[in-house]
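Quick note on this note's numbering: the sequence shown kicks off at 577 and runs consecutively. Quick reminder that beta carbons are idealized off the backbone N, C-alpha and C, glycines included. Reading through the structure tokens given below for one structure.
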Amino acid sequence: MAESMMAEIRDAILAGADSATIAKLPIPGSYRGAHLLRSETSMFEGMASSDKDPRKSLHVGDVPTPELAPDEVYVAVMASSINFNTVWSSLFEPVSTFGPMARLGRE
């Protein structure tokens with residue numbers, strides 16, 4: 577069901593739908609994405625950076641769509657990839673991103 581909702585959003589954007597039409601489309605409760613697990617932040621402890629393998633900590637699967645705060649909006653990302661920041665985050669170097677993100681979330 578989430579995939580069909582995402583397809584509906586994508587198709588509307590690609591067809592040039594106006595913002596009022598797009599705003600009426602349902603937002604899926606989850607979506608497919610690459611993600612890290614907080615429970616795995618210590619998986620590479622004591623290892624040299626060159627021995628750490630991002631494929632062990634990066635997971636691809638359904639993640640819940642976050643609820644918006646009053647001052648937030650959803651943004652349609654039309655292209656995405658694994659990049660330099662993703663690799664460093666997946667190695668939990670130079671520090672895990674979970675701490676800074678938790679602090680930012682409290683603000």
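- Considering only Glu579, Ile598 and Lys632, the residue with the shortest C-alpha distance to Val651 is Ile598.
- With a cutoff of 9 Å on beta-carbon distance, Ala610 and Leu634 are scored as near each other.
- Cβ-Cβ separation between Leu601 and Glu579: approximately 14 Å, too far for a contact (criterion under 8 Å).
- Take the alpha-carbon of Tyr607 and the one of Thr641: they are about 7 Å apart.
- Under DSSP, Val636 takes part in a beta bridge, and its partners are Ala610.
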